[in-house]
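Start counting the first sequence at 6; every next residue gets the next number (the working numbering).
Below is one structure, written out as structure tokens; the observations come after it.
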Amino acid sequence: MPELAEVEYYRRVWAESLGLPVTGVLLHPEARVFRGCLQPLDTLNRLNGATFNQALAHGKQLLFGFEAAGWLGIHLGMSGQLRCEAKDSVQDRHDHLILRLPGRSLVFHDPRMFGRVRFDAATDLPDWWTQQPPDLLSPGFTRERLDAFLLKRGGTPIKALLLDQSIFPGIGNWMADEILWRSRIHPATPARQLAASAGERLWRTTREVTEDALRVIAPDWGDAPDDWLFNHRWKDGGFCPRPRCRSPLSRADLRGRTTCWCPKCQKSATS
DNA sequence: CCCCATGTTCGACA
DNA sequence: GTGTCGAACATGGG
């Protein structure tokens with residue numbers, strides 16, 4: 006489920022418990038979500054007694070800090086959720102990690118297990134965290150950076166590039182379609198075509214959609230307004246929400262992901 | 001039974 | 001080496 010705004014929502018769910026000590030750690034050590042995390046069972050026990058003192062999000066990545074014990078990195082994959090449950094909540098089959106804190110439990114739940122948990126027993130921020138690409142709303146996400154990327158990957162459809170986390174951290178399938186719809190760019194347009202004509206529009210709209218998504222979804226998982234593509238893109242028979250358009254929307258598989266667009270508003274490419 | 005799912009990674013190929 | 005693309009991962013819901 007989660008793209009950057011949903012990830013930020015989940016960050017806030019756990020952040021409500023900042024300042025509290027960990028009193029217990031439960032996990033399913035055999036779960037696939039621990040792939041790449043060395044010795045999870047042993048090292049995660051360091052969290053016992055440590056104060057939960059940091060809750061960070063960057064794109065789709067989450068990082069939670071525990072004073073003097075280390076850092077817990079979480080990626081939610083396709084179906085991951087962070088929950089705050091009762092202090093004695095029973096561990097479900099898909100609750101791969103549970104932190105007991107005074108009066109509550111923080112739960113990482115992920116049925117499909119495309120998500121991932123890792124633990125770094127260090128004081129400094131982990132390298133994989135500090136080396137992430139610039140946030141979409143930060144000064145580092147520049148037109149120059151975007152244009153260079155569009156040219157380097159010039160043969161790839163722009164829809165596929167918007168899902169590339171090395172330059173668009175936090176963008177996922179629905180945000181990519183929303184950005185292209187708003188900027189009137191056809192999802193199959195080869196990137197090199199945009200660098201010349203629509204780079205500025207794409208750059209600006211990317212940041213607008215990011216701001217809007219965070220404003221609407223992050224505080225309490227609010228519903229998207231009906232004038233976004235979001236509410237019309239999932240089901241068959243949807244119509245373009247643009248006031249003077251209202252054309253039937255198209256949907257097709259593009260590079261393995263369902264893509265929705267308005268054939269009347271988004272015409273920058275054939276097909 | 002079928003098909004679909006807001007993600008990432010790996011290997012094949014040109 | 002580089003860029004591109006399909007398949008695989010695992011589970012649940014309609």
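All C-beta atoms in this analysis are idealised placements derived from N, C-alpha and C, irrespective of residue type, glycine included.
Note that this is a predicted model, so its numbers are computed, not measured.
So for residue i, helix, strand or coil by DSSP?
i: G120; result: coil
i: I190; result: coil
i: C86; result: The question names Cys, yet the displayed sequence has Gln at residue 86. Reduced to three states, the DSSP call for Q86 is strand.
i: I2; result: Lying before the first or after the last residue shown, residue 2 is absent from the chain, which here runs from 6 to 276.
i: T210; result: helix
i: H63; result: strand
i: G145; result: coil
i: A10; result: helix
i: L25; result: coil
i: W233; result: coil
i: G204; result: helix
i: R98; result: coil
i: R40; result: coil
i: D140; result: coil
i: E35; result: coil
i: S273; result: coil
i: L81; result: coil
i: D93; result: coil
Using a threshold of 8 Å, state whether the C-beta atoms of residue i and residue j are closer than that.
i: A200; j: L155; result: yes
i: K164; j: P192; result: yes
i: K65; j: P7; result: yes
i: L111; j: S22; result: yes
i: A115; j: V38; result: The displayed chain sequence assigns Asp, not Ala, to residue 115. In contact: D115 and V38 (Cβ atoms closer than 8 Å).
i: E183; j: V214; result: yes
i: S273; j: T194; result: yes
i: C250; j: C267; result: yes
i: G29; j: R105; result: yes
i: G41; j: R109; result: no
i: Q136; j: H63; result: no
i: T48; j: F113; result: no
i: A257; j: Y14; result: no
i: G85; j: F57; result: no
Can you tell me which residues form a DSSP beta bridge with residue i?
i: W19; result: According to DSSP, which records beta bridges pairwise, W19 is partnered with nothing at all.
i: W76; result: G70 and D125
i: D258; result: T263
i: I184; result: DSSP output for I184 lists no bridge partner at all.
i: L104; result: V30 and L111
i: P253; result: F244
i: F57; result: F71
i: P268; result: Looking at the DSSP assignment, P268 forms no beta bridge with any residue, so it has no partner.
i: P162; result: P195
I need the straight-line Cα distance from residue i to residue j, nearest angstrom please.
i: S276; j: W208; result: Residue confidence is low: S276 scores 46 on pLDDT, short of 50, so the model does not pin down where it sits. Its coordinate-derived value is still stated next. Computed Cα separation, rounded: 24 Å.
i: A91; j: F71; result: 21 Å
i: I176; j: M118; result: 20 Å
i: G160; j: H237; result: 29 Å
i: L9; j: A196; result: 23 Å
i: G145; j: P139; result: 5 Å
i: W19; j: Q198; result: 43 Å
i: P162; j: K240; result: 23 Å
i: R262; j: P107; result: 42 Å
i: A55; j: D152; result: 45 Å
i: D93; j: D100; result: 13 Å
i: E149; j: V95; result: 51 Å
i: R73; j: L46; result: The residue you asked about is not Arg; residue 73 is Ala in the sequence shown. Distance between the alpha carbons of A73 and L46 is about 18 Å.
i: L87; j: W233; result: 26 Å
i: L168; j: R260; result: 11 Å
So residue i packs on residue j, CB below 8 Å; how close in whole Å?
i: I190; j: A203; result: 6 Å
i: Q271; j: W186; result: 6 Å
i: D225; j: P246; result: With 8 Å as the limit, D225 and P246 do not qualify as a contact, their Cβ atoms being about 23 Å apart.
i: L81; j: R16; result: At roughly 10 Å, the Cβ-Cβ gap does not stay under 8 Å, so L81 and R16 are not in contact.
i: R51; j: G75; result: 6 Å
i: F244; j: S252; result: 7 Å
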